[in-house]
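From first to last, the protein sequence lines stand for chains A and B. Each residue of the first sequence is one higher than the one before, counting from 1 in UniProt numbering. Each residue of the second sequence is one higher than the one before, counting from 1 in UniProt numbering. Take a look at the structure below.
There are 2 protein chains.
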Amino acid sequence: MPLTKDVIKFGTFVVTSQVFHLTRLSFAIVNLKPLLPGHVLVSPRRTVPRFNDLSTAEVQDLFLTVQRVSRMVERVFDASSLNIAIQDGVDAGQSVPHVHAHIIPRQKEDLEAQGGTDAIYGMMESEDADLNKQLREKERAAQSHVPQDENKGHFPAVDNDSRKPRSDEEMQKEAEWLTKEMAKDAASHGEDGRTLS
Amino acid sequence: MPLTKDVIKFGTFVVTSQVFHLTRLSFAIVNLKPLLPGHVLVSPRRTVPRFNDLSTAEVQDLFLTVQRVSRMVERVFDASSLNIAIQDGVDAGQSVPHVHAHIIPRQKEDLEAQGGTDAIYGMMESEDADLNKQLREKERAAQSHVPQDENKGHFPAVDNDSRKPRSDEEMQKEAEWLTKEMAKDAASHGEDGRTLS
Numbered sequence: 001m002p003l004t005k006d007v008i009k010f011g012t013f014v015v016t017s018q019v020f021h022l023t024r025l026s027f028a029i030v031n032l033k034p035l036l037p038g039h040v041l042v043s044p045r046r047t048v049p050r051f052n053d054l055s056t057a058e059v060q061d062l063f064l065t066v067q068r069v070s071r072m073v074e075r076v077f078d079a080s081s082l083n084i085a086i087q088d089g090v091d092a093g094q095s096v097p098h099v100h101a102h103i104i105p106r107q108k109e110d111l112e113a114q115g116g117t118d119a120i121y122g123m124m125e126s127e128d129a130d131l132n133k134q135l136r137e138k139e140r141a142a143q144s145h146v147p148q149d150e151n152k153g154h155f156p157a158v159d160n161d162s163r164k165p166r167s168d169e170e171m172q173k174e175a176e177w178l179t180k181e182m183a184k185d186a187a188s189h190g191e192d193g194r195t196l197s
Numbered sequence: 001m002p003l004t005k006d007v008i009k010f011g012t013f014v015v016t017s018q019v020f021h022l023t024r025l026s027f028a029i030v031n032l033k034p035l036l037p038g039h040v041l042v043s044p045r046r047t048v049p050r051f052n053d054l055s056t057a058e059v060q061d062l063f064l065t066v067q068r069v070s071r072m073v074e075r076v077f078d079a080s081s082l083n084i085a086i087q088d089g090v091d092a093g094q095s096v097p098h099v100h101a102h103i104i105p106r107q108k109e110d111l112e113a114q115g116g117t118d119a120i121y122g123m124m125e126s127e128d129a130d131l132n133k134q135l136r137e138k139e140r141a142a143q144s145h146v147p148q149d150e151n152k153g154h155f156p157a158v159d160n161d162s163r164k165p166r167s168d169e170e171m172q173k174e175a176e177w178l179t180k181e182m183a184k185d186a187a188s189h190g191e192d193g194r195t196l197s
């Protein structure tokens with residue numbers, strides 16, 4: 001079951017089944033095609049394209065959410081570092097016109113085979129360029145009224161990328177798992193996010 | 001004259017002359033070797049390596065500062081977009097163990113000759129790897145008690161990078177200019193950062 005009965009939109013796309021954390025002003029979603037395990041996105045609930053469009057309350061809520069979510073994914077995905085990045089505007093590589101922070105858990109030498117630590121950025125850029133296309137295709141598949149189970153795994157293979165887009169069911173399972181992991185952190189941290197020891 | 005009589009440290013490095021904006025918990029500095037015009041850094045005043053080390057108040061102050069600074073550099077450097085990125089930990093490419101957000105103003109097709117929009121990331125990565133080395137060299141030059149004027153432009157050419165490290169004087173001039181530009185924005189915006197119209 002999705003975390004919320006609200007319809008959560010990322011740009012014009014409905015991403016409700018991908019949501020694993022919700023605050024009053026922000027949401028966090030798992031990815032259709034994570035670049036590395038635990039690659040997630042955090043966005044304001046209000047659909048605005050630019051960071052400068054956010055109110056003070058939205059900025060504060062967004063980055064406290066980024067902090068809580070990054071702490072969780074670093075723990076759960078056994079990482080040692082994180083890339084946190086916002087492509088703020090088209091000329092910085094943004095494809096979905098809705099503010100979003102990428103959070104990507106990193107491990108030592110996790111991208112040695114791909115060219116080293118900084119390989120993540122080229123990957124992120126192409127993934128972000130893809131994101132709009134991927135979500136459009138997913139939406140089109142859903143609108144064809146194919147039952148969810150039959151639809152699963154039937155996303156068209158339109159690019160030569162080896163990462164497969166995941167089914168709604170698969171993303172929802174991960175979202176439910178991460179919701180539980182967020183709750184574990186909340187239990188061991190104070191309301192201000194600092195560890196209670 | 002520097003903005004403050006406080007000694008501002010970025011990691012173990014004294015960067016007081018590079019500071020153009022100070023809040024109770026954060027500071028913003030111009031770069032020794034900006035990747036693109038207006039490439040600046042925003043950090044918490046407390047020297048801690050990881051984003052998760054920040055208190056709620058520090059996170060809030062840091063990103064409201066990032067928002068105010070990005071608005072200013074986008075305007076002043078005539079940009080249309082921004083890259084905002086944090087390398088949070090060694091395995092994500094962090095070289096100076098002090099939380100810092102890169103803010104890089106972007107213009108349409110500004111890096112076409114370098115390979116396109118995403119070329120910034122490889123540049124950022126190598127620059128960040130350099131940052132520690134650059135600041136160490138700068139510090140060493142300062143400790144040799146060469147007068148600032150003679151010292152200017154005498155940084156050893158240790159890498160094959162065409163970007164030249166800038167002198168303290170040059171950075172301080174830019175910092176003073178940006179301080180004034182921040183003040184202009186403050187005059188036209190409310191305390192909560194939203195435009196008063």
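Yeah, the Cβ is synthetic: ideal placement off N, Cα and C, and Gly gets one too.
Item: Taking the alpha-carbon positions, what's the I104/A to I84/A distance?; Value: 7 Å
Item: Within the UniProt domain "HIT" (6–113) of chain B, note down every full alpha helix (DSSP H) run reaching 4 residues or more, in order along the chain.; Value: 56–76
Item: Comparing the C-beta of R106/B with each C-beta of chain A, is any distance below 9 Å?; Value: yes
Item: Can you tell which of E181/B, R166/B, M1/B and H102/B has the C-alpha that lies nearest to the C-alpha of R43/B?; Value: Residue 43/B is actually Ser in this sequence, not Arg. The option with the nearest alpha carbon to S43/B is H102/B.
Item: For P165/B, which residues in the same chain have their Cβ closer than 6 Å to its Cβ, ignoring the five residues on either side in sequence?; Value: L32, K33, Q134 and F155
Item: Below 8 Å CB to CB, which residues in the same chain sit around V19/A once its five sequence neighbours on both sides are set aside?; Value: P2, L3, T4, I8, F27, A28, I29 and A175
Item: Excluding five sequence neighbours on each side, which residues of the same chain lie with their C-beta closer than 7 Å to the C-beta of S70/A?; Value: L82, I84 and I103
Item: Quick check on R140/B: buried or exposed, where buried means 16 or more other Cβ atoms within 10 Å of its Cβ?; Value: exposed
Item: Is F51/A near V99/A, with beta carbons less than 9 Å apart?; Value: yes
Item: Give every residue of the same chain whose Cβ lies closer than 7 Å to the Cβ of L111/B, excluding the five residues on either side of it in the sequence, and list them in chain order.; Value: T117, A119 and I120
Item: What separation, rounded to the nearest whole angstrom, lies between the Cα atoms of D168/B and A187/A?; Value: 48 Å
Item: For S17/A, count neighbouring C-beta atoms within 10 Å of its own C-beta (all shown protein chains included) and say buried if the count is 16 or more, exposed if not.; Value: buried
Item: Can a CB atom of chain A be found closer than 9 Å to the CB of N132/B?; Value: no
Item: Span of the alpha helix (DSSP H) holding T179/A?; Value: D168 to S188
Item: Is there a Cβ of chain A sitting closer than 9 Å to that of F51/B, yes or no?; Value: yes
Item: Name the chain B residues whose beta carbon is nearer than 8 Å to that of D78/A?; Value: Chain B residues near D78/A: none, gap ~12 Å exceeds 8 Å.
Item: Give the C-beta separation of L41/B and M123/B to the nearest angstrom, bearing in mind that I take them to be a contact with Cβ-Cβ under 8 Å.; Value: With 8 Å as the limit, L41/B and M123/B do not qualify as a contact, their Cβ atoms being about 15 Å apart.
Item: Applying a beta-carbon distance threshold of less than 8 Å, which residues of chain A neighbour Q114/B?; Value: None at all; the shortest Cβ gap to chain A is about 13 Å.
Item: Using CA coordinates, which residue listed in E58/B, Q87/B, R106/B and T65/B is at the minimum distance from L131/B?; Value: Q87/B
Item: Mapping the DSSP letters down to three states, classify G122/A as helix, strand or coil.; Value: helix
Item: T117/B versus chain A: which residues are under 8 Å apart at the beta carbon?; Value: D91, A92, G93 and E125
Item: 9 Å is my cut-off, CB to CB: does G24/B come that close to chain A?; Value: Looking at the sequence shown, residue 24/B is not Gly but Arg. So no, R24/B is outside the interface.
Item: Determine the DSSP secondary structure at K164/A, reduced to helix, strand or coil.; Value: coil
Item: Distance, Cα to Cα, L22/A vs V14/A?; Value: 15 Å
Item: Pick helix, strand or coil for L3/B, following the three-state DSSP scheme.; Value: coil
Item: Thinking C-beta only, is A79/A closer than 9 Å to R46/A?; Value: no
Item: Between V59/A and chain B, is there a C-beta pair that is closer than 9 Å?; Value: yes
Item: Whole-angstrom Cβ separation of K108/B and D61/A, contact assumed at under 8 Å?; Value: Not confirmed; about 31 Å, so no contact.
Item: Buried or exposed: G115/A, going by 16 or more other Cβ atoms within 10 Å of its Cβ?; Value: exposed
Item: Can you pull the chain B neighbours of G122/A, defined as C-beta to C-beta under 8 Å?; Value: D118, Y121 and G122
Item: Could you name the residues of chain B that N83/A contacts, counting a contact when the two beta carbons are closer than 8 Å?; Value: A85, I86, Q87, D88, A92 and G93
Item: Can you grab the Cα-Cα spacing for the pair R75/A / E58/B, in whole Å?; Value: 22 Å
Item: Closest Cβ-Cβ distance between E181/A and chain B: below 9 Å?; Value: no
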